[in-house]
Every structure is written in C-alpha cells, then in structure tokens.
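Residue numbers (the numbering used here), protein chains in the order written: chain B, 30 to 288; chain V, 159 to 763.
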C-alpha cells in the first residue's frame, strides 16, 4: 500500500487543531491499528479510548471522515483515497484528542427505573424464544454511543441534554417495556421526562449503529405508539387513574431482597 | 480516618475492577448494607467480560436432565488435570445454577428451550450441554445485567481511574490503594476496611492474544506486592481458535461455540486431524470415527463426543503440532469449517458476532468458507491464592475473585467456566469481605509513605529526558514471552526468559514519557509495565520449576504428566513488596479431596 495522510484532531477542552501524520497502512489494518502505530512510532501521547479491538465493547467511537464509527471496525482499504480525518465525537465534551467525556450517558442510565419481575417460581421463569428475541435485539447494544453522537436533538442543541435520553436509552426503555417479565411502567416517564417526543424519526441512529439494531423501527416507533396508547386510550386512562401505581424509582426497586 | 494530600475517599469495601466478578462482589456487599466503591481503569461496561462469547456453565439440567453438580464438578477437575482447588470446584458446580437464575431476576434474556427454559449448549470438556447463552454474546449480556443492577443500587463507580498500588495500615493490613485519574493525571487515594481484587487477566504480555490493553495483570502483581501469594502462574490457556489473518486481527477470539454447534477442524489436506490426538484420559468418552461423532450432536446417547470438543489445552497443542508438521494454511493456521456442515441461516442465528467479525475484518463469509484459525493467548488459570469459601488471600483485608484469583480451574479451564466463576466467586468475595469487616479486624488509616513511593515511581518517567519509550519495551516483552514462554516450552528458553526479564526490569527503570499527565496513553503504559514484568517473572518461575506437561503448561523436554507434580501448586511470594523485589517460589500442597468427592472422580473413569 502507499502512504496515507492521517489528519487527526489534537487538543483539549480549551481548543485544538488538526495535525497531519504520514503512515503506510498494512494489509487488513483498521483505523485503530493506525492510531496505535502512530502512538508507538510518532506521537506517544495521542489520546484515544479503546478496549477489545473486535467491535464488542464500543469504546473506540470517533468520527472518521465525518462519519460516526468504531475505529476498530473501519478498514483502511475501505476508505476513499486521500487524507483520512479522525475527529472526536461532536456531541460530547472533549477530554483530550479523540477522547470525549461521555458521562451524559451514565447520568441517563442512572435515571432508568429498575427491572422489576414477579418472584421467580421453582426451577426458573418460563419465557419463549420469540418473546425474548425482541428484547435481545436491543440488548446487543455495545454502548458505543454513536447513536447519541449522531442524534441532532443533542448534537446541535446542548440545552436538550437535560430532558432528552437519546436513542441508546430509548432502546433500553423499549427493551424493558417489551420484557416478558417486567412489571414497572415507564411510559409516562419516557414521554414526560425523557423527551421521546423530540425524536422525529430521521433514522440517523439506525444508520450508524455498528450492531445493526433497528433503533427507529423496532424500538422508538413502537415505544411512541405505546406511549400514545397509554395517553389516549380512554379505558386505559381511566384504569390508570383509578389504580395508578407510582412507578418504582431505581433506588426503590433496588432494595428488593437478594434472590 | 486518613489525611491524604490527594483527593481521598473512604469505603467499607473497595472493589478494584468492574468486570463480572467485581460487579457481582459489589452487589453482594451493597445488599449487606455496606458502603461500596468500585474502581475501573476503563468505562463501566467495557471490561473484558464482554469478550466472552459462548456461554456460562451451570448444571441446570434444562437440556439433559442427567446433568447435575456432581458431573460438572467431575468435568471441571478432569479438565483442570486435577491441579484444582477441589473446594472451589465443588462450590462452583453447586452454586452456578442459582447465579444464572439470579441474572434472569435482574433482567438478563437468555436463549430458550422449546418449553421456555434457559437453553444450554455443548462445549469442550463438558459431558452435557451445559452453557446458558445468548447467541455468541453471552459475556455482554452478563456484564450489562450486572452493570444495570449496580447502577440501580446507586453504587459509586470511579471510571478511568488506574490503581497503582495497594496500601497497608500500620499493622500491615490492606487498607486501600493509590490511583490516578486518566482524564487529568491527578492522584487519588482510597481508604477501605476491605479490598476486593477483581482485575481479570494478563494476556497482554504475549504477542498474539485475545486480551485488550487492560489485561496487564495489575491485580495479580499488586496482590503479590501487598503480601498475597500467586499460584499456578505457569498455567496459561492458549485458546485453540484465534483469527490468524489479516495480521492486524491475529489472535482475536473465535468462539468455541463454533465447534459446539458442529464446526470441525481440518488441516491443509482436508483431514479432521483431531481423531489422531485423543489422550488416554478422554479415550473412553471420545468418538473413534466421523460417523459416530456426527451422530452425537443431535443425540448424546447415539455416539460419543467429537474430538474437536476435547478440552482447550488438547486442541491447541494438536493445532500447533499440525502446523509444525507442515499441514497448516499459508498463514500458519488450520481450518475451522462450519460452512459445509450447517445451513447459512443456522450459522447466522447461532453465531451472529462471528459472522460479522469475519465478514467485516477479514472479508470472509463463514456461511460459505472455512475460517483460518490458530492458538492465541486467552486466559491465565493461575492467580492469587484464595481461601475457597471466603475468597480471602494471604494478605489480611485483601480478597480476590475472577480471573485474577487462582485455584478453581487447576491447570486448564473449561470453556464456560469463566463466566460462572465470576458470579459464584464474585458473590463469595463480597460476602467474605463483609464477614471480615463484621469480625472487627478491619484496617485503619493508610500508610502515607507507601502512597508517596507509588506516586514517585509513577512520576519518575517524566523526569528522564533520554529514556526508552514504553511502547518499545512492551513490544519487546511481548515478542520475548511469545517466543520463550509460549504454548510449547523448554528449559533453555525459559532460563533465557528469566535472564531477559532482569534486563527488562532495568529497562523499565529507565523509561521516559513524553507529553503531559492528562489522558496520556504512553504514561499509562509506563505504569502498566512493572505489573506486567512481575507477572511474567512468576510465569517463567512456575514454568521452569514444573518439569512435566499438564494442562496449560507444556514442556517439550518433559512431555509426560508426572504424578509427583500433581500433589502441589507452585506458589510465589514477594520478598520486599516492591515491583522489583525478588520473588520466592515454593511448593504449596493441594487440599486433600474428601472421599465422597474422590468417588465422583474415580467412578467416572
């Protein structure tokens, strides 16, 4: 292969700039391999986050040629000729170089009311494959946060982060909502406090998902329908008014005795 | 209360590592009403547990009702070539079903049998289909379930915080640790009444490995320095099936589930060579012909097991031999073929991650072509010596669980026994730490001299202008360990490794780091290297002393298993407690197996 120019964003919260590095890719190498070789040979303090280098942990998220991707799953030979730009995810604050502060996601995770099943019968729960498969699709999520990065509701509007959970957590709410055993109703919460209504189903999240989860079609749209049903079905509305159980907060649910 | 010049936090129980074992330990300690802090050098949910693919072994008997804890115990001990801590193997076999059902109560969604129970799949060395699983991403399911449980409990998690060293109190009990924040490079101290080490493995010291940058053996090394012992360090599992091409992904894991679901190994002549490598210990339960082996997949009573499902050490050695004999692929592997044996739909449904991994990284469609694979450094059976019931180490106040603890797996681990290890002994470590605290022996305040020593060691590389790059030292160390203490070992090479490791120690003392302290990967690597060297030394010392071949330790010059070496573990302790202190190796006798358990092992011969 011939030399490639890697145009990498270097800097921190106070600012930064692109720097060019020239390197010859080897057969089969991915962008993360190139970053590692640059660290070992040209710029030892180049910051990037990574773990498994196999597309399973979701750590090495960045924007390659402007597109949100896992660096470990982006092969150099598949990129168009010319310089390759690598920038940190735009939606999150910069820590250094390619590393961003993704704590927004951990704050949102802590707000999810816990899974709450009925007591387990002797010999374990019975569930059927076709019923667990819906949730299993969402549980493939590797928390790379590329869907959060690409979502324009927070990518371009910092102020929305306070009241918008984002696609990663919509699939989490959908998973719990569709879980055959869960008894905790989160529909009001996801509608009123998690900003489900802000999503106008442009499917950008689905496009960048490295796990190929159908975020919009299988999670967000069904979730919107269920929220609407809960709001406008008069019988369901009345039923809930009469015997409305307050939703269990995360900490309440967590004090269940150990099984 | 400790007065620290650095940011400081106090806990009842401090857990180092946020993989399966650390998180399960946290849940247990939290449920017992203790104040728990977890420190991880990555983000929460990224630990190496996510890489586990095939499943979690638990004798629930959902697929074969004949299965029970006694068979699982037997399989684990035989797989470990009887070097195991029998009590750990017993507890593990008895408790793992409850730990799996508990995961469902916390939201896990395992694949199901037709009648709605948890489905179990076949794996090497397990007599019955025993691995609960979610396709080929079981580790992700396990860590996400535990992570979500921990988050719902409100446990404090310190992310991207790298622990440098454990710290004692004046009486010599383990009292906490000193760490630094990746994001800004500032130091932080933690005080605790008890510390649980759950840092995982150490594969990063070999060139071809399934392990991420995290697998640097920090917990093994820090425990040794703090006064604990390490056992069985020579027993390293080379997983038989790692990717071999392209070079950039060499070593990446290919799940054993491929073989459990019908995949077979062939050499360059197209021959299923594993039939030539069945050891006497497994002869009676292994098929003689391809016809017999193929019947077994559908009905375990119709034929005996295919030899592709022998324990991992046997399969890895066989592949190594085939390649050395010139019957390998051009890239130095052999072929793992499921394409000719199962439908594309079956393969995509059962092995979705493998399908994507080969398609996206190697351009290979595994529903149409065979995979090129070879052995890769995967797991260390050896680890911190613990008391089976409580996970207590020889250092008062320190507990250990998961891959960084030793004993359960003996000389070789069966696939699927790692995830169950994490939850069984993670829980036991949490309970052990709680009981230790209740007994009133807990530590008091940190010895600040130890803190200052660790801080100085960490900062020294910034003051050396012309030292060596940590990347160069790491690369040479990986090459050296791969060559000298790899899958097949011999005295001259191990002795050479021991000499070279002293040279590496000198090189680490002259490292130089460029740049600042904020999120500096070169500096972080410089702080990893002392632990990596300590671990490599214990591996080499165990390997030179164990003059036999057993499980994950194969000596070319001592190819047979010697009963004499089956009565004890090699244990290592530190003489001085510093990273460059001498290491002392001694024989540590195995626990005597009670007669009723011995009968389980003998009956099944």
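A virtual CB, placed ideally from N, CA and C, is assigned to each residue, including glycine.
The structure displayed is predicted, hence computed values, not measured ones.
Check: Out of curiosity, what's the CA-to-CA distance linking residue 735/V and residue 213/V?
Finding: Here residue 735/V refers to the residue found at position 577 when the second chain is read from its first residue. Here residue 213/V refers to the residue found at position 55 when the second chain is read from its first residue. Cα-Cα distance, rounded: 38 Å.
Margin query: Could you tell me the alpha carbon to alpha carbon distance between residue 239/B and residue 83/B, rounded to whole angstroms?
Written below: Here residue 239/B is taken as the residue at index 210 of the first chain, counted from 1. Here residue 83/B is taken as the residue at index 54 of the first chain, counted from 1. Distance between the alpha carbons of residue 239/B and residue 83/B: 11 Å.
Check: The alpha helix (DSSP H) spanning residue 416/V covers which residue range?
Finding: For this step, residue 416/V is matched to residue 258 along the second chain. Residues 415 to 418.
Check: Since residue 332/V and residue 379/V are thought to touch, with beta carbons under 8 Å apart, how far apart are those beta carbons, to the nearest angstrom?
Finding: Your numbering for residue 332/V matches position 174 in the second chain. Your numbering for residue 379/V matches position 221 in the second chain. About 14 Å; that fails the 8 Å criterion.
Next item on the list: Following the continuous beta strand (DSSP E) through residue 303/V, name the residue where it begins and the one where it ends.
Entry: For the purposes of this step, residue 303/V is identified with residue 145 of the second chain, where counting begins at 1. Per DSSP, residue 303/V belongs to no beta strand (DSSP E); it is in the alpha helix (DSSP H), 296 to 311.
Next item on the list: Take residue 413/V and list the residues in its own chain whose beta-carbon comes closer than 8 Å to its own, dropping the five residues that flank it on each side.
Entry: As a first step, residue 413/V must be located in the second chain, where it is residue number 255. So the qualifying residues of the chain are 211, 212, 294, 399, 509, 511 and 512.
Check: For chain B, is any of its Cβ atoms less than 8 Å away from the one on residue 407/V?
Finding: Reading the second chain from its first residue, position 249 is the one you call residue 407/V. Taking Cβ atoms only, chain B reaches closer than 8 Å to residue 407/V, which makes this a yes.
Next item on the list: Name, going along the chain, the residues of the segment 439 to 463 of chain V whose beta-carbon falls closer than 8 Å to a beta-carbon of chain B.
Entry: none
Next item on the list: Can you give me, in chain order, the residues of the segment 261 to 282 of chain V that have a beta carbon less than 9 Å from any beta carbon in chain B?
Entry: 262, 263, 264, 265, 266, 267, 268, 269, 270, 271, 272, 273, 274, 275, 276 and 277
Note to self: Restricting to Cα atoms, I'd like to know which of 173/B, 54/B, 249/B and 167/B is closest to residue 107/B.
What the structure shows: As a working note, residue 107/B is residue 78 in the first chain. Answer by Cα proximity: 54/B.
Checklist line | chain B residues whose Cβ lies nearer than 8 Å to that of residue 365/V | finding: Residue mapping note: residue 365/V aligns to position 207 of the second chain, counting from 1. Chain B residues near residue 365/V: none, gap ~14 Å exceeds 8 Å.
Note to self: Just to check my reading of the structure: residue 357/V and residue 174/V have Cβ atoms closer than 8 Å, yes? What is that Cβ distance to the nearest angstrom?
What the structure shows: The residue labelled residue 357/V in the question sits at position 199 within the second chain. The residue labelled residue 174/V in the question sits at position 16 within the second chain. Contact holds; Cβ gap of about 6 Å.
Check: What's the C-alpha gap between residue 288/B and residue 184/V?
Finding: Taking the first chain and counting its residues from 1, the one referred to as residue 288/B is at position 259. Taking the second chain and counting its residues from 1, the one referred to as residue 184/V is at position 26. With a pLDDT of only 35 at residue 288/B, under 50, the local geometry of the prediction cannot be trusted, and the value read off the model is given with reservation. Taking the straight line from one Cα to the other gives about 15 Å.
Check: Name the chain D residues whose beta carbon is nearer than 8 Å to that of residue 515/V?
Finding: The structure shown contains no chain D; its protein chains are B and V.
Check: When the distance is taken between beta carbons, is residue 411/V closer than 8 Å to residue 536/V?
Finding: Within the second chain, residue 536/V is the residue found at index 378, counting from 1. Within the second chain, residue 411/V is the residue found at index 253, counting from 1. The answer is yes: Cβ separation under 8 Å.
Next item on the list: Can you tell me which of the three DSSP states residue 97/B falls into?
Entry: As a first step, residue 97/B is located in the first chain; it is residue number 68 there, counting from the start. Strand.
Next item on the list: Mark residue 244/V as exposed unless 16 or more other C-beta atoms lie within 10 angstroms of its C-beta, in which case mark it buried.
Entry: Along the second chain, read from residue 1 onward, the residue named residue 244/V stands at position 86. It counts as buried.
Next item on the list: Using beta-carbon positions only, say whether residue 76/B and residue 127/B come within less than 8 Å of one another.
Entry: Within the first chain, the letter at position 47 stands for residue 76/B. Within the first chain, the letter at position 98 stands for residue 127/B. Yes, the Cβ-Cβ distance between residue 76/B and residue 127/B is below 8 Å.
Notebook entry, point to check: Out of curiosity, what's the CA-to-CA distance linking residue 88/B and residue 354/V?
Noted result: Numbered from 1 along the first chain, position 59 holds the residue referred to as residue 88/B. Numbered from 1 along the second chain, position 196 holds the residue referred to as residue 354/V. The straight-line gap from Cα to Cα measures roughly 25 Å.
Notebook entry, point to check: Are the C-beta of residue 202/B and some C-beta of chain V separated by less than 8 Å?
Noted result: Indexing the first chain from 1 puts residue 202/B at position 173. Taking Cβ atoms only, chain V never reaches closer than 8 Å to residue 202/B, which makes this a no.
Check: Starting from residue 746/V and walking both ways along the beta strand (DSSP E), at which residues does that stretch end?
Finding: The residue you call residue 746/V lines up with position 588 of the second chain. 741 to 747 is the span of the beta strand (DSSP E), which, as asked, contains residue 746/V.
Note to self: If you follow the alpha helix (DSSP H) that residue 694/V is in, where does it begin and where does it stop?
What the structure shows: For the purposes of this step, residue 694/V is taken as the residue at position 536 of the second chain. First-last of the alpha helix (DSSP H) with residue 694/V: 679 to 703.
Note to self: Among 666/V, 633/V, 274/V and 655/V, whose alpha-carbon lies nearest the alpha-carbon of residue 221/V?
What the structure shows: As a first step, residue 221/V must be located in the second chain, where it is residue number 63. Nearest option by C-alpha distance: 274/V.
Item checked: Top-ranked residue by Cα proximity to residue 205/V, from 246/V, 742/V, 216/V and 298/V -> Translated into positions along the second chain, residue 205/V becomes position 47. Cα-wise, what sits closest to residue 205/V is 298/V.
Check: Should residue 79/B be flagged as near chain V, meaning a C-beta pair shorter than 8 Å?
Finding: Taking the first residue of the first chain as 1, we reach residue 79/B at position 50. Yes, residue 79/B counts as interfacial toward chain V.
Next item on the list: Give, in chain order, every unbroken run of the alpha helix (DSSP H) that is at least 4 residues long and sits entirely within the segment 451 to 495 of chain V.
Entry: 470 to 482
Note to self: Going residue by residue through the segment 121 to 209 of chain B, where are the continuous beta strand (DSSP E) segments of at least 3 residues, counting only ones entirely within it?
What the structure shows: 123 to 125
Check: Any chance the segment 64 to 73 of chain B sits against the segment 624 to 637 of chain V, with 3 or more Cβ pairs inside 8 Å?
Finding: yes
Check: residue 416/V to residue 525/V, Cα distance in whole Å?
Finding: Here residue 416/V refers to the residue found at position 258 of the second chain. Here residue 525/V refers to the residue found at position 367 of the second chain. Distance between the alpha carbons of residue 416/V and residue 525/V: 12 Å.
Check: Counting only beta-carbon atoms, is residue 164/B nearer than 8 Å to chain V?
Finding: Within the first chain, residue 164/B is the residue found at index 135, counting from 1. So, interface residue.
Item checked: Burial state of residue 230/B (16 or more Cβ within 10 Å) -> Locating residue 230/B in the first chain gives position 201, where the first residue counts as 1. Exposed, because fewer than 16 other Cβ atoms sit within 10 Å of the Cβ of residue 230/B.
Notebook entry, point to check: From the beta carbon of residue 59/B, is the nearest beta carbon of chain V less than 8 Å away?
Noted result: Sequence index remark: in the first chain, residue 59/B carries index 30 (1-based). Yes - at least one Cβ of chain V is within 8 Å of the one on residue 59/B.
Notebook entry, point to check: Using the beta-carbon of each residue, which ones in chain V are nearer than 7 Å to residue 55/B?
Noted result: Numbered from its first residue, the first chain carries residue 55/B at position 26. Within chain V, the residues near residue 55/B are 405 and 406.
Margin query: Are the CB atoms of residue 368/V and residue 539/V within a distance shorter than 8 Å?
Written below: Here residue 539/V refers to the residue found at position 381 when the second chain is read from its first residue. Here residue 368/V refers to the residue found at position 210 when the second chain is read from its first residue. Not in contact: residue 539/V and residue 368/V (Cβ atoms no closer than 8 Å).
Notebook entry, point to check: Quick one: does residue 209/V have its CB under 8 Å from some CB of chain B?
Noted result: Here residue 209/V refers to the residue found at position 51 of the second chain. Closer than 8 Å: yes.
Notebook entry, point to check: Which full runs of the beta strand (DSSP E) of 3+ residues lie inside the segment 185 to 258 of chain V, going along the chain?
Noted result: 194 to 197
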